[in-house]
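Novice:
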Amino acid sequence: MRYILSQRYGIKTIDYFCLYYYTSRLMNNNLLTTEKDPMGAAIADYYNHKKADRLRVFSSQFDEDEIPVKQLFRPFKLMPVLEKTALQLATGKILDVGAGSGCHALALQEAEKEVCAIDVSPLSVDVMKKRGVKDVRLVNLFDEQFQEKFDTILMLMNGSGIIGRIENMPQFFQRMKQLLTPDGCILMDSSDLKYLYEEEDGSFLIDMAGDYYGQIDFQMQYKDIKGETFDWLYIDFQTLQLYASANGFKTELIKEGEHYDYLAKLTKV
6 MRYILSQRYG IKTIDYFCLY YYTSRLMNNN LLTTEKDPMG AAIADYYNHK
56 KADRLRVFSS QFDEDEIPVK QLFRPFKLMP VLEKTALQLA TGKILDVGAG
106 SGCHALALQE AEKEVCAIDV SPLSVDVMKK RGVKDVRLVN LFDEQFQEKF
156 DTILMLMNGS GIIGRIENMP QFFQRMKQLL TPDGCILMDS SDLKYLYEEE
206 DGSFLIDMAG DYYGQIDFQM QYKDIKGETF DWLYIDFQTL QLYASANGFK
256 TELIKEGEHY DYLAKLTKV
């Protein structure tokens, strides 16, 4: 059965896609072209004209949805509590992954914190520079030439989505070890989609022999610009904890949200 995630289940679509650029081909060092960058085009339009058309989201598993582009520019006071908490906890040299329009980086700068914002979208990077993000770079997180060390790696708006599929977890954690200082941490939010499979009697109908239930495919379109289909991972806290432990990380549940979402802190053991 197909559903619209944001309308039927209260999930805010905006909270889950700013990292989408990285997910179609995980662990490569590709950058986006303007011909395949719907979100970047929407961000540029809104910044330049104060309005934007529909940023449409498609999936083989759910009905068509859309992202309200205005919300990509929200200030700190309008951010969800999980995002606010993560920004407040971020310390030291901070890496903002998939920074989009720069809303998180700007909030960190306003709090006088040191932040490096990265994105693979030239359009988004250009907007961030114009908005005043001091250290913004056009780079893919998985580019091995990017070898700096950070005290906090910030992965918000369903930060686990960047991993794409559950089998990519070991590679993801290996890359995090390369980028974190010895006492550094990852601040990541995600959601447990188990409730999508809840029956009327309260039981859950999940095919345990199939793919992990949090793996979703998406595609985005803005005007006539259509991006590549990409994999997106929603992961429950227990599964995140299991894979983190197997790959040398400990996991702390920082805060739970209102829509089956949560914020986790991951540190190297």
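All letters in the sequence shown, in the order written, are residues 6 to 274 by this note's numbering.
We put the CB at the ideal spot given by N, CA and C, even for glycine.
Along the beta strand (DSSP E) that carries K75, what are the first and last residues, could you check?
Specialist: Numbered from its first residue, the sequence shown carries residue 75 at position 70. Segment: none, K75 is in no beta strand (DSSP E) and carries neither H nor E.
Novice: Can you look up M44 in the DSSP assignment and give me helix, strand or coil?
Specialist: The residue you call residue 44 lines up with position 39 of the sequence shown. Helix, per DSSP.
Novice: Measure the alpha-carbon distance for L258 versus L268 and round it to whole angstroms.
Specialist: Here residue 258 refers to the residue found at position 253 when the sequence shown is read from its first residue. Here residue 268 refers to the residue found at position 263 when the sequence shown is read from its first residue. Answer to the nearest angstrom: the Cα atoms are 6 Å apart.
Novice: Does any residue of chain D have a CB that is nearer than 8 Å to the CB of R180?
Specialist: No chain D is present in this structure, which holds just one protein chain.
Novice: If you draw a straight line from the C-alpha of G4 to the C-alpha of V144, how long is it?
Specialist: Not covered by the structure: residue 4. The range shown for the chain is 6 to 274.
Novice: Could you compute how far the alpha carbon of E117 sits from the alpha carbon of Y202?
Specialist: Working through the sequence shown from its first residue, we reach residue 117 at position 112. Working through the sequence shown from its first residue, we reach residue 202 at position 197. Cα to Cα, E117 sits roughly 44 Å from Y202.
Novice: Could you give the DSSP three-state label for P80: helix, strand or coil?
Specialist: Position 75 of the sequence shown, counting from 1, holds the residue named residue 80. DSSP places P80 in coil when its eight states are reduced to three.
Novice: Per DSSP, which residues does F223 bridge with? Please list them.
Specialist: Against the sequence shown, residue 223 aligns to sequence position 218. Beta bridge pairing from DSSP links F223 with F235.
Novice: Helix or strand or just coil, what does DSSP make of D194?
Specialist: Stepping through the sequence shown from its first residue, residue 194 is reached at position 189. Strand at D194.
Novice: The beta strand (DSSP E) with A269 in it runs from where to where?
Specialist: For the purposes of this step, residue 269 is taken as residue 264 along the sequence shown, with counting starting at 1. Note, A269: beta strand (DSSP E), 266-273.
Novice: Return yes when the Cβ of D140 is within less than 8 Å of the Cβ of C121, no when it is not.
Specialist: On the sequence shown, position 116 is the one that residue 121 refers to. On the sequence shown, position 135 is the one that residue 140 refers to. Yes; because the gap between Cβ atoms is below 8 Å, this pair is in contact.
Novice: Compute the Euclidean distance between the alpha carbons of D42 and K56, then round it to the nearest angstrom.
Specialist: If you number the sequence shown from 1, residue 42 lands on position 37. If you number the sequence shown from 1, residue 56 lands on position 51. Their Cα atoms are separated by approximately 18 Å.
Novice: Does DSSP put I158 in a helix, in a strand, or in coil?
Specialist: Residue mapping note: residue 158 aligns to position 153 of the sequence shown, counting from 1. Strand, per DSSP.
Novice: Does L185 come out as helix, strand or coil in the three-state DSSP assignment?
Specialist: Position 180 of the sequence shown holds residue 185. Strand at L185.
Novice: Which value, in whole angstroms, describes the spacing of the CA atoms of Y27 and A49?
Specialist: Position 22 of the sequence shown, counted from the start, is the residue given in the question as residue 27. Position 44 of the sequence shown, counted from the start, is the residue given in the question as residue 49. Reliability of the predicted coordinates at Y27 is poor, the pLDDT of 45 falling under 50, and the value obtained from them is presented with this limitation in mind. Distance between the alpha carbons of Y27 and A49: 19 Å.
Novice: Below 8 Å on the Cβ atoms is my guess for A104 versus D124; work out the distance and round it to an integer in Å.
Specialist: The residue you call residue 104 lines up with position 99 of the sequence shown. The residue you call residue 124 lines up with position 119 of the sequence shown. Rounded, the Cβ-Cβ distance is 5 Å, consistent with contact.
Novice: Compute the Euclidean distance between the alpha carbons of S29 and D222, then round it to the nearest angstrom.
Specialist: Position 24 of the sequence shown, counted from the first residue, corresponds to residue 29. Position 217 of the sequence shown, counted from the first residue, corresponds to residue 222. Low confidence applies to S29: its pLDDT is 44, below 50, so where it sits in the model is not reliable enough to give any reading.
Novice: Label A46 either buried or exposed according to how many other C-beta atoms from any shown protein chain fall within 10 Å of its C-beta, with 16 as the threshold for buried.
Specialist: Counted from its first residue, the sequence shown places residue 46 at position 41. That one is buried.
Novice: How should A175 be labelled, buried or exposed, when 16 other C-beta atoms within 10 angstroms of its C-beta is the threshold for buried?
Specialist: Here residue 175 corresponds to residue number 170 of the sequence shown, with the count starting at 1. Going by the sequence as given, residue 175 is Pro instead of Ala. By the 10 Å Cβ count, P175 comes out exposed.
Novice: So, using beta-carbon positions, are V86 and L111 closer together than 8 Å?
Specialist: Position 81 of the sequence shown, counted from the first residue, corresponds to residue 86. Position 106 of the sequence shown, counted from the first residue, corresponds to residue 111. Against a cut-off of 8 Å, the Cβ pair of L111 and V86 comes out as no contact.
Novice: Kindly indicate which three-state DSSP category A104 falls into: helix, strand or coil?
Specialist: Within the sequence shown, numbered from 1, the residue matching residue 104 stands at position 99. Of the three classes helix, strand and coil, the one that applies to A104 here is coil, per DSSP.
Novice: Less than 7 Å between the CB of L87 and some heavy atom of the ligand GTP, yes or no?
Specialist: Although the ligand GTP was asked about, the structure shown includes no ligands whatsoever.
Novice: Do S106 and M84 have their C-beta atoms closer together than 8 Å?
Specialist: To locate residue 106, count along the sequence shown from 1; it is residue 101. To locate residue 84, count along the sequence shown from 1; it is residue 79. No, the pair does not count as a contact, with Cβ atoms beyond the cut-off.
Novice: Let's see if you can read the secondary structure: which residues bound the beta strand (DSSP E) around D131?
Specialist: As a first step, residue 131 must be located in the sequence shown, where it is residue number 126. No beta strand (DSSP E) holds D131; the alpha helix (DSSP H) holding it covers 127-136.
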